[in-house]
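Peer 1: Everything in the sequence shown is counted per the numbering used here, starting at 271 for the first residue and increasing by one.
Glycine residues also receive a C-beta, built at the ideal position from the N, C-alpha and C atoms.
Bear in mind that the values here come from a model prediction, so they are computed numbers and not experimental data.
I have a structure I would like to understand better, so I am pasting it below and will then ask my questions one at a time.
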Amino acid sequence: MLLWIKMSGLKINFHKSEVYCVGMNDRRKADICQILTCNMGDLPMKYLGLPINKTRITRKDWNSCENKMENRLGCWKGKLIDIGGRLLLLNSCLSSIPFYMLSFYPLPKGVRKRLDYFRARLLWQEDAGSRKYHLEKWPVICTPKNMGGMGVLDLECMNIALLGKWLWKLETEDGIWQRMLKEKYGHKRVLVQIKSKVGDSQFWKALMRIKAIFLSFCVKKVGSGDRTLFWEDKWLGCFTLAEKFSQLYNVVLSKFVTVAAVFNSNWSVLKFRRDLIGDKLRAWRALKKLCVRTTLTDVDDSVVWSLSKKGVFSVKSFYNALKIRQMSLEKNVIWDLKVPLKVKVFLWLASRNKILTKDNLLKKGWKGGSKQCFFCGSDETVQHLFLECVVAKFIWRVISMCFNIGPFVTLEHMWHDWFGRLRRDSRHVVGVGLAAVIWSIWRCRNDICFRHIFPNDPLSLINVICYWISSWAILQKSVAKEKSLAVGVRLLEHLTSEIFSREHGWRLSSARLCG
């Protein structure tokens, strides 16, 4: 300590410092305090914001994260931000608050539910005294966008991914803390052999709990073979020999033998409980044939992360792999569109039949009155509002006459089947147009519902659609796409002027337009 003071030129203020001793008697503690002229501190304590205790971290120690989240909600006032802004704020700020503790301690189930409660309050615009409709289940909300979800962070999977980084460092680096943990828990065994036992620290138990899933993505690159288990490690591909040759593994006596021991003993180290005959003998020959190309060198064995092209661990790759294991949904193309985030959230909810049309409100216990459509008087559903209503049919008919697009069976069919078959270079341009149509119908419906503003005629909706397309054209990455949208707007405006004339009225029959 004195050497550090001389080298750095800094000085420790012992009057503001405290000494924490673990596993020492009172006399020894008093001697240390007298030497350093410091006061004796008592556990539990906080070090760099992280709770430290002699036993285990309890739910009470997570209160600081919960309180910080709750206080942030009070400052932000979700009413003043649209759903796109709330989603951005949720992912960038609110979800990152517990990261520091998630990287050291396992997340208790009760704490996770409490943190998710605060995050859901922000997303769905809930105040402390009000209850809003949650339009989609939280596990779906926490699914990545490329798997069909909304991309909100899953705290449980992120907790596992962050703890996995410690296992990676334990396997690939050699430092003081690695040597200390290996000496205390490893006893010269490799990670596969180590198991959790009574008396282990909470941190180590958390690592052992995720060890199996972490190792499932690790592949060993054999050098000398001293640190690679013949049966249990993946060293010939993305499989273990214990899995591929389970009939041999079940009868072998030495299950934790290394690759070096097998090759250096010319396979004699592998002993079986009974003679190999029939299928087991054929499996034995296949095993030896599979290993014939392997040669040992003087280089140490290394670990390769199979989820990365460079073979290096990353929290992001581990997190995505955990989410893929949970659920495999179809890729949702909506999130790739270059439109405002709040529009993408709305389109995603509409494609899943989760927006608050009258039929969905009735399912949630709404008692506000009739479920008739504001445009035509039929029952209002997502399918009816955007595709089957007379106003929607008119709009899609005009667009079909102009661009030869549609008709669509459902919104899900439009986004997943029809849209997915478009050429890649035209997909984003067409997607912006489709988004403008659906967004305009929804805004017009809400103007009638909440502001009692009715459109003069269906032509005004076409003008609104053209306005949104023109507004979103500047968001496109390339000038070519921006020009394509501008050309599309001019074509649509020209066609509508042909259809409708102030002097002569409608030039085409309503049957043809709404057909």
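With contact counted as at least three CB pairs below 8 Å, one residue from each stretch, are the region 316 to 333 and the region 570 to 585 in contact?
Peer 2: no
Peer 1: If you measure between the beta carbons of Ala482 and Val585, is that distance less than 8 Å?
Peer 2: Along the sequence shown, one-based indexing puts residue 482 at 212. Along the sequence shown, one-based indexing puts residue 585 at 315. Their beta carbons are not under 8 Å apart, which means Ala482 does not touch Val585 by this criterion.
Peer 1: Check whether the Cβ atoms of Val661 and Leu729 lie closer than 8 Å to each other.
Peer 2: Along the sequence shown, one-based indexing puts residue 661 at 391. Along the sequence shown, one-based indexing puts residue 729 at 459. Cβ atoms of Val661 and Leu729: not closer than 8 Å.
Peer 1: What did DSSP end up calling Lys579 once you bin it into helix, strand or coil?
Peer 2: By one-based count along the sequence shown, residue 579 stands at place 309. Lys579 falls in the coil class under three-state DSSP.
Peer 1: Taking only runs of the alpha helix (DSSP H) that begin and end inside the region 317 to 397, which ones reach a length of at least 4 residues, in chain order?
Peer 2: 333 to 346, 353 to 362, 369 to 372 and 379 to 393
Peer 1: Using only CA atoms, which one of Arg497, Glu502, Ala531 and Ala553 lies nearest to Leu518?
Peer 2: Numbered from 1 along the sequence shown, position 248 holds the residue referred to as residue 518. Checking every option, the nearest Cα to that of Leu518 belongs to Ala553.
Peer 1: Check each candidate in Trp618, Cys672 and Trp505 and name the one with the smallest Cα separation from Ile411.
Peer 2: If you number the sequence shown from 1, residue 411 lands on position 141. If we check each option's Cα against that of Ile411, Trp618 comes out closest.
Peer 1: To the nearest angstrom, report how far apart Arg721 and Leu657 are at their CA atoms.
Peer 2: Residue numbering aside, residue 721 sits at position 451 when the sequence shown is read from its first letter. Residue numbering aside, residue 657 sits at position 387 when the sequence shown is read from its first letter. Their Cα atoms are separated by approximately 23 Å.
Peer 1: In whole angstroms, what is the alpha-carbon distance linking Gly701 and Tyr403?
Peer 2: Your numbering for residue 701 matches position 431 in the sequence shown. Your numbering for residue 403 matches position 133 in the sequence shown. Computed Cα separation, rounded: 28 Å.
Peer 1: What is the DSSP secondary structure of Glu288, counted as helix, strand or coil?
Peer 2: Locating residue 288 in the sequence shown gives position 18, counting from the first residue. Of the three classes helix, strand and coil, the one that applies to Glu288 here is strand, per DSSP.
Peer 1: Taking Val615 and Leu343 to be in contact with their CB atoms under 8 Å, please state how far apart those CB atoms are, rounded to whole angstroms.
Peer 2: In the sequence shown, the residue the question calls residue 615 occupies position 345. In the sequence shown, the residue the question calls residue 343 occupies position 73. 19 Å between Cβ atoms; not a contact.
Peer 1: Ordered along the chain, which non-local residues of its own chain (more than five positions away) have a Cβ less than 8 Å from that of Phe689?
Peer 2: For the purposes of this step, residue 689 is taken as residue 419 along the sequence shown, with counting starting at 1. Spatial neighbours of Phe689 in its own chain (CB-CB distance under 8 Å, excluding positions within 5 residues in sequence) are listed in chain order as Val603, Arg697, Val700, Gly701 and Leu704.
Peer 1: If we call anything under 8 Å between Cβ atoms a contact, is Gly419 one with Phe484?
Peer 2: Position 149 of the sequence shown holds residue 419. Position 214 of the sequence shown holds residue 484. Taking 8 Å as the Cβ cut-off, Gly419 and Phe484 do not qualify as a contacting pair.
Peer 1: Would you kindly check if the distance between the Cβ of Phe500 and the Cβ of Val529 is under 8 Å?
Peer 2: Counting from one through the sequence shown, the residue named residue 529 turns up at place 259. Counting from one through the sequence shown, the residue named residue 500 turns up at place 230. It is a contact, given that the beta carbons lie within the stated cut-off.
Peer 1: Assign Gln746 to buried or exposed, taking buried as 16 or more other Cβ atoms, counted over all protein chains shown, within 10 Å of its Cβ.
Peer 2: On the sequence shown, position 476 is the one that residue 746 refers to. Buried: at least 16 other Cβ atoms inside 10 Å.
Peer 1: How would you label Arg449, buried or exposed, when you count the other beta carbons within 10 angstroms and need 16 or more for buried?
Peer 2: The residue labelled residue 449 in the question sits at position 179 within the sequence shown. It counts as exposed.
Peer 1: Rounded to whole angstroms, what is the Cα-Cα separation between Ile723 and Arg713?
Peer 2: To locate residue 723, count along the sequence shown from 1; it is residue 453. To locate residue 713, count along the sequence shown from 1; it is residue 443. So the alpha carbons of these two residues sit roughly 11 Å apart.
Peer 1: Tell me which same chain residues have a C-beta within less than 6 Å of the C-beta of Arg543, skipping the five on either side of it?
Peer 2: Counted from its first residue, the sequence shown places residue 543 at position 273. So the list reads Val521, once near-sequence residues are dropped.
Peer 1: Please identify the residue among Arg401, Gly421 and Asn416 whose C-alpha is closest to the C-alpha of Pro409.
Peer 2: Working through the sequence shown from its first residue, we reach residue 409 at position 139. Of the listed residues, the one whose Cα sits closest to Pro409 is Gly421.
Peer 1: Would you give the residue range spanned by the alpha helix (DSSP H) that Val661 belongs to?
Peer 2: The residue labelled residue 661 in the question sits at position 391 within the sequence shown. Per DSSP, Val661 belongs to the alpha helix (DSSP H) from Val660 to Phe673.
Peer 1: Please report the residue range of the beta strand (DSSP E) in which Cys488 lies.
Peer 2: Translated into positions along the sequence shown, residue 488 becomes position 218. Where Cys488 is concerned, the enclosing beta strand (DSSP E) stretches over Cys488 to Lys491.
Peer 1: Within the same chain, show all residues whose beta-carbon is closer than 7 Å to that of Ser780, passing over the 5 residues directly before and after it, in chain order.
Peer 2: Taking the sequence shown and counting its residues from 1, the one referred to as residue 780 is at position 510. Because the pLDDT at Ser780 is just 41, under 50, the model does not fix this residue reliably, and the value given afterwards should be weighed accordingly. Excluding residues within five positions, none has a Cβ falling inside 7 Å.
Peer 1: Can you tell which of Leu451, Gly495, Ser572 and Asp331 has the C-alpha that lies nearest to the C-alpha of Trp474?
Peer 2: Within the sequence shown, numbered from 1, the residue matching residue 474 stands at position 204. When only C-alpha atoms are compared, the closest one is Leu451.
Peer 1: Throw me the rounded Cβ distance for the Leu385 and Met428 pair, which I believe falls under 8 Å.
Peer 2: Position 115 of the sequence shown, counted from the first residue, corresponds to residue 385. Position 158 of the sequence shown, counted from the first residue, corresponds to residue 428. With a Cβ gap of about 11 Å, Leu385 and Met428 do not count as contacting.
Peer 1: Below 8 Å between beta carbons: does that hold for Gly495 and Phe533?
Peer 2: Locating residue 495 in the sequence shown gives position 225, counting from the first residue. Locating residue 533 in the sequence shown gives position 263, counting from the first residue. Yes, the Cβ-Cβ distance between Gly495 and Phe533 is below 8 Å.
Peer 1: I'd like the span of the alpha helix (DSSP H) that includes Tyr455, first residue to last.
Peer 2: The sequence position of residue 455 within the sequence shown is 185, counting from 1. First-last for Tyr455: undefined, no H or E at that position.
Peer 1: Would you mind working out which of Ala620, Cys643 and Ser621 sits nearest Lys628, comparing C-alpha positions?
Peer 2: Locating residue 628 in the sequence shown gives position 358, counting from the first residue. Selected option, being the one with the closest Cα: Cys643.
Peer 1: For the structure I just gave you, are there three or more beta carbon pairs, one from the region 665 to 679 and one from the region 747 to 763, closer than 8 Å?
Peer 2: Three or more Cβ pairs drawn from the region 665 to 679 and the region 747 to 763 lie within less than 8 Å of each other, which places the two stretches in contact.
Peer 1: Indicate whether Arg389 and Leu360 have their beta-carbon atoms separated by less than 8 Å.
Peer 2: Residue mapping note: residue 389 aligns to position 119 of the sequence shown, counting from 1. Residue mapping note: residue 360 aligns to position 90 of the sequence shown, counting from 1. Contact flag set, yes.
Peer 1: Given a threshold of 16 other Cβ atoms within 10 Å of its Cβ, counted over all protein chains shown, does Arg555 qualify as buried or as exposed?
Peer 2: As a first step, residue 555 must be located in the sequence shown, where it is residue number 285. Classification for Arg555: exposed.
Peer 1: Going straight from the alpha carbon of Lys558 to that of Leu551, what length do you get?
Peer 2: Working through the sequence shown from its first residue, we reach residue 558 at position 288. Working through the sequence shown from its first residue, we reach residue 551 at position 281. Distance between the alpha carbons of Lys558 and Leu551: 11 Å.
Peer 1: Distance, Cα to Cα, Cys646 vs Phe664?
Peer 2: Start at 1 with the first residue of the sequence shown, and residue 646 comes out as number 376. Start at 1 with the first residue of the sequence shown, and residue 664 comes out as number 394. Whole-angstrom Cα-Cα distance: 12 Å.
Peer 1: Leaving out five residues before and five after Cys308 in sequence, what residues of the same chain have Cβ atoms less than 7 Å from its Cβ?
Peer 2: As a first step, residue 308 must be located in the sequence shown, where it is residue number 38. If we look at Cys308 and ignore the five residues flanking it on each side, its Cβ neighbours are Phe284, Ser287, Glu288 and Val289.
Peer 1: According to DSSP, simplified to helix, strand and coil, what is Asn309?
Peer 2: Taking the first residue of the sequence shown as position 1, residue 309 is located at position 39. Residue state, collapsed to three classes: strand.
Peer 1: Quick check on Pro314: does DSSP put it in helix, strand or coil?
Peer 2: Here residue 314 refers to the residue found at position 44 of the sequence shown. DSSP, reduced to helix, strand and coil, places Pro314 outside both helices and strands of the structure shown, so it counts as coil.
Peer 1: Alpha carbon to alpha carbon, what distance is there between Arg329 and Val527?
Peer 2: Translated into positions along the sequence shown, residue 527 becomes position 257. Translated into positions along the sequence shown, residue 329 becomes position 59. Answer to the nearest angstrom: the Cα atoms are 42 Å apart.
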